[in-house]
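What follows is one structure encoded as structure tokens, with my remarks underneath.
Numbering (our numbering), first residue to last: 16 to 187.
As structure tokens, this is what we get:
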């Protein structure tokens with residue numbers, strides 16, 4: 016599908032392209048944007064949930080795999096709040112362990128669901144809302160961070176579990 020979009024000019028005259036990949040299969044077919052040098056800087060959207068942290072680390076592994084051959088870098092993490100315990104702390108800790116940074120913490124707001132029901136973005140549906148301002152701030156931070164990506168240092172599953180223990184999320 017990426018080749019189809021490319022052949023039909025979808026990438027002409029654009030500065031940013033978003034891909035949604037599955038974090039559990041990042042080294043498979045979903046890694047095409049990384050593998051074929053379609054991505055220069057990757058921002059991982061995650062939350063404080065265990066599987067989201069796992070997927071973010073897995074995507075970092077995929078970035079590392081191609082970082083030296085293609086020049087792809089990890090731009091940072093974006094935490095899409097799910098209101099889990101110590102979510103901001105976990106996001107910042109994982110970012111640090113991955114040799115990166117937390118670019119933005121997007122607070123949870125039900126206005127997202129209101130916009131989705133109307134098949135609109137939040138910025139279309141409620142351009143003056145706090146959530147729309149959050150998305151604008153996120154875009155500005157990504158733009159300001161351009162070119163500052165790093166080669167990630169993924170962690171082991173044991174290190175991820177230790178981090179969750181350290182934050183009191185997992186019990187022994």
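The beta carbon of each residue, even a glycine, is placed where N, CA and C say it ideally should be. Note that the coordinates shown come from a computational prediction; the quantities given were computed from them, not determined experimentally.
Here residue 17 carries a helix assignment [DSSP, helix/strand/coil].
By the C-beta density criterion, residue 73 is buried, having at least 16 other C-beta atoms within 10 angstroms. At the C-beta level, residue 138 and residue 152 stay beyond 7 angstroms of one another.
Note that the C-beta distance between residue 125 and residue 168 is not below 7 angstroms. About 17 angstroms separates the beta carbon of residue 48 from that of residue 93, a gap too long to meet the 8 angstroms contact definition.
Secondary structure in the region 70-95: the beta strand (DSSP E) runs of 3 residues or longer, each lying completely within the stretch, are 88-95 in chain order. Here the alpha carbon of residue 53 sits roughly 32 angstroms from the alpha carbon of residue 133. Around the beta-carbon of residue 33, fewer than 16 other beta-carbon atoms lie within 10 Å, marking it exposed. One thing to note: residue 51 has its Cβ no nearer than 7 angstroms to the Cβ of residue 164. The three-state reading of DSSP puts residue 61 in strand, counting E and B together.
Annotation: the continuous alpha helix (DSSP H) that includes residue 157 extends over 145-160. The alpha carbon of residue 112 has as its nearest neighbour, out of 83, 23, 131, 176, the alpha carbon of 176.
Rounded to whole angstroms, residue 63 and residue 182 show a C-alpha spacing of 11 angstroms. Shown here, residue 103 sits in a helix according to DSSP, grouped into three states. By the criterion of a C-beta distance shorter than 8 angstroms, residue 110 is surrounded in its chain by 91, 92, 116, 117, once the five residues flanking it on both sides are discounted.
Per DSSP, residue 137 lies in no beta strand (DSSP E) segment; the continuous alpha helix (DSSP H) that holds it begins and ends at 137-140.
Cβ-Cβ distances below 6 angstroms link residue 67 to 61 in the same chain, with the five nearest sequence neighbours on each side left out; the list follows chain order.
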